[in-house]
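Numbering (the working numbering), first residue to last: 7 to 340.
Reviewing the structure listed below.
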Amino acid sequence: MSEIADRILRADRRALARAITLVESTRADHREQAVALLEELAGHGRQALRIGLSGTPGVGKSTFIELFGTMLCGQGLTVAVLAVDPSSARTGGSILGDKTRMERLARLPGAFIRPSPSQTHLGGVARRTREAVALCEAAGFDVVLIETVGVGQSETVVAELSDVFVLLLAPAGGDELQGVKRGIMEAADMIVVNKADGDLKSTAMRTCADYAGALRLLRKRPQDAPGFPKAMTCSALEEQGLAAVWAEITALSTWRRAQGHWDLRRAQQARHWFSEEVRQALLARLETPFARAQMAIHADAVARGETAAGAAAKALLAALQSAGDSLDEGANSA
Ligand code: GDP
């Protein structure tokens, strides 16, 4: 086993951080090393409880994670926090990038906080996060929290990565209930209305009741334990209701383990990520200089009306195939 793999398995935080940097890199040699490292680690380590947490900016995600994570560490659990931030490419910022956030949690020996890298393109986000989760599991964390801003596509990525998906919402008037996209509601195992304190408390209770009603209208999924998906309130700021959220998360995951849904979901996720890898690898073949040149030639012919699109696509793929074959033969005879 390589030294870095060995160190990750022994929960060495610096080795873990280095390995995450490696999987984030877009350099071809780094990618090869990352693939080799993940292959080495496959089957080692153990399963963490992966909790996906999504919510719009300002809803209280970092406050929640700080205090929720601190509570878990207080119970002797180890907690890794990762972020999926598709908006960072646009804003140049990053949701966990601000070092002043989660200061308290970051100081705990049981916690590991990984800011999202800025300048990630959305296509790379899913793979980076999935591989970072795998590395955290190899390092033996009990809980991996995956945070994402609620801006659309990233929730789907997080829902497909997590064992339990929690949607954090703010107290709001009835009209705003419509603002949550149906797909995100459908992916949620729990809706937690934060800021149930002070003047906002009664609004939070009403909002929670509204969402509970909306959740009841959704079609029940096989992986829904009795009473799930459910809505509840908390106040991250006043540390109210966090233990109850944790109790529900563990109750749900215990039920899923017992019923076989846990393993089934993980297996489905693995299949999904595998096919994604194949898809991405195939798409990458179109990005070589040879492929680009072929693409341009065929596209021009189609544009001039000399070839039909279908026939041109077939010819292009045949050209790529034979170019690939001759490369393979070259490699074999070398
Ligand atoms: P994020 O953008 O989702 O990570 O939200 P933050 O955790 O940064 O919180 C945004 C604002 O909401 C901050 O001013 C927090 O102090 C405040 N906030 C977070 N949780 C609560 C809460 O439970 N109650 C109240 N009243 N304010 C909160």
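A virtual CB, placed ideally from N, CA and C, is assigned to each residue, including glycine.
Of all the options Asp169, Thr69 and Arg37, which has the alpha carbon lying nearest to the alpha carbon of Thr256? Asp169
Discussion item. On the CB-based measure, 16 or more other CB atoms within 10 Å of its CB, does Thr239 come out buried or exposed?
Written reply: buried
Review point. Of the choices Val29, Ala305, Leu175 and Leu141, whose alpha-carbon is the least far from that of Phe70?
Key: Leu175
To the nearest angstrom, report how far apart Glu137 and Val29 are at their CA atoms.
-> 7 Å
Checklist entry - Is DSSP giving Phe171 helix, strand or coil here? => result strand
| In this structure, does DSSP put Ala23 in helix, strand or coil? | helix
Per DSSP, which one or two residues make a beta bridge with Ser328? Note: Ser328 sits in no beta bridge, so no partner.
* **Val149, DSSP secondary structure in three states** => strand
Review point. Is any beta-carbon of chain C found at less than 7 Å from that of Ile255?
Key: The question asks about chain C, but that chain is absent: this structure has only one protein chain.
Do Gln300 and Leu322 have their beta-carbon atoms positioned less than 7 Å apart in this structure? yes
Verify whether the separation of the beta carbon atoms of Phe171 and Ala193 is less than 7 Å.
yes
Requested in this report: Determine the extent of the alpha helix (DSSP H) in which Gly219 is found, giving its start and end residues.
Outcome: Lys207 to Leu223
**Item:** Rounded separation between Thr162 and Gly247 - CA only
**Value:** 26 Å
- Item | Alpha carbon of Leu223 to alpha carbon of Arg37, nearest angstrom | 44 Å
DSSP state of Phe118 mapped onto helix, strand, coil
strand
Margin query: Tell me whether the segment 229-236 and the segment 48-59 touch, counting them as touching only if at least three CB pairs, one residue from each stretch, are closer than 8 Å.
Written below: no
Check your understanding: Going along the chain, which residues of its own chain have a beta-carbon closer than 8 Å to the beta-carbon of Ser259, five neighbours each way excluded?
Key -> Leu55, Asp169, Val170 and Trp268
Q: Would you check whether the ligand GDP has a heavy atom nearer than 6 Å to the C-beta of Lys207?
A: no
**Asked** Rounded to the nearest angstrom, how far is the Cβ of Leu88 from that of Val150, given a contact under 8 Å?
**Response** 7 Å
Practice problem: Tell me whether Val65 sits in a helix, a strand or coil according to DSSP, three-state version. | Solution: coil
Just checking Gly66 against the ligand GDP - is the residue's beta carbon closer than 6 Å to any of the ligand's heavy atoms? yes
- request: Tell me whether the beta-carbon of Ala242 lies closer than 7 Å to the beta-carbon of Gly51.
  value: no
Determine the burial state of Pro115: buried for a count of at least 16 other Cβ atoms within 10 Å of its Cβ, exposed for fewer.
exposed
- request: Take Ile14 and list the residues in its own chain whose beta-carbon comes closer than 7 Å to its own, dropping the five residues that flank it on each side.
  value: Ala21, Leu22, Ala25, Leu47, Leu141, Ala144 and Ala145
Q. On the three-state DSSP scale, how would you describe Thr239?
A. strand
Self-check item: Continuous beta strand (DSSP E) stretch holding Met196: start and end
Solution: Met196 to Val199
Thr154 - DSSP class collapsed to helix/strand/coil = strand
Discussion item. Using the three-state DSSP reduction, which class does Leu83 fall into: helix, strand or coil?
Written reply: coil
Is Phe118 closer than 7 Å to Arg19 when the C-beta atoms are compared?
-> yes
message = For Glu166, which residues in the same chain have their Cβ closer than 7 Å to its Cβ, ignoring the five residues on either side in sequence?
response = Gln275 and His278
Exercise for review: Could you tell me if Ser8 is buried or exposed, where buried requires 16 or more neighbouring beta carbons within 10 angstroms of its beta carbon?
Suggested key: exposed
Only counting runs of 3 or more residues, tell me where the beta strand (DSSP E) segments fall wholly within the segment 230-300, in order along the chain. 236-239
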